[in-house]
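A short worksheet on the structure shown next.
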Amino acid sequence: MGTAAKEGSYGSEILQNDTHYGHNSFLVLCLLEPACVFTAHNFSQRNELSGEALGGFPHTEFESTSAYGGSIMYRFPSGFALELLVEKYGMDLTEFGDNFGTLNMQPVVLLFKAQGMPSNGTGGSGHAEVGLGINFTSFDKGPFITNAENTYGVQYTIDTDDSFVFELGAGLDYFFTSHFSFAFDFRLFLGNVGTTWTVSGPGGTLPVEDVSKFLTNNVQLLAGLRLWF
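Count along the sequence shown starting at 1, add 3, and that's the number in my numbering.
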């Protein structure tokens, strides 16, 4: 590699290696039985559970960006329900305050759910769920990486793997009428995302060593209104 590329650690633990190269959301839910419900949700908080965002780099962390999604659920008279949930959200990867880019995730999850309904049509109820699905992922490079590319004349390629995701959740519902309710949800998503980083320059293409996975376990707190019909 050229001299400029060899000097480029860019003040980052991620890019300093032996290669010498330099959570608001909107959810729409449709329940087919006993009612169809549309829900608007907002994330009040989304936090990763691990101490680092990129495995092996303790100073990395994720910052939440926007999220939205939807689902369709079939509720049996017994209260058991099947729900297909799709979400799309991103988390910004940072290190020492520098933005490396956004990890985009789109989990598609089948939920096995217990969904309560008040017997008289109004009042409180609750729900609990467990699910398994696939997380479709990609990574958009941020200003720190693009600035390094422009400064040192190299090109970073960041690939991510689709992965399994496991979900646990529970929540409370309050029915003002049989057609209108308030919902509060807690969700825990478990699952890491494999990633491969390479850097290309005049001397060829080399892997960025020690980079192998994003630690994407996270907690979601949501609140919204539901219209049932």
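Think of the CB as a built atom: it goes at the ideal place given N, C-alpha and C, for glycine as much as any other residue. Just so it is clear, the structure is predicted and the values come from calculations on it, not from any experiment.
| Asked | Found |
| --- | --- |
| Using only the alpha-carbon positions, how far apart do N123 and T180 sit? | 9 Å |
| Under 8 Å between the Cβ atoms of G134 and L114? | yes |
| Out of curiosity, what's the CA-to-CA distance linking Y155 and I161? | 17 Å |
| Do P110 and E132 have their beta-carbon atoms positioned less than 8 Å apart in this structure? | no |
| Taking the alpha-carbon of F103 as reference, which of F187, P61, F217, D143 has the nearest alpha-carbon? | D143 |
| Under 8 Å, do N220 and F192 count as touching if we go by C-beta distance? | yes |
| Assign F2 to one of three DSSP states: helix, strand, or coil. | Given that the chain is displayed from residue 4 to residue 232, the structure contains no residue 2 and the question cannot be resolved. |
| Grouping DSSP H, G and I as helix and E and B as strand, with all else coil, what is T154? | helix |
| Taking DSSP as the reference, what is the three-state secondary structure of F147? | helix |
| Would you kindly work out how many angstroms separate the C-alpha atoms of G82 and W200, rounded to a whole number? | 46 Å |
| Name the one or two DSSP bridge partners that D95 has. | E66, T105 |
| Please classify N150: is it buried, with 16 or more other beta-carbons within 10 angstroms of its beta-carbon, or exposed? | exposed |
| Does S166 come out as helix, strand or coil in the three-state DSSP assignment? | strand |
| Would you identify the three-state DSSP class for N138, choosing helix, strand or coil? | strand |
| Since G145 and D95 are thought to touch, with beta carbons under 8 Å apart, how far apart are those beta carbons, to the nearest angstrom? | 7 Å |
| Let me know the secondary structure DSSP gives V196 once reduced to three states. | strand |
| Using the DSSP secondary-structure output, state which residues sit across from S181 in a beta bridge. | None, per the DSSP bridge assignment. |
| On the CB-based measure, 16 or more other CB atoms within 10 Å of its CB, does T140 come out buried or exposed? | buried |
| Work out the CA separation of G119 and F189 for me, nearest whole Å. | 16 Å |
| From what residue to what residue does the beta strand (DSSP E) around G227 run? | 221-231 |
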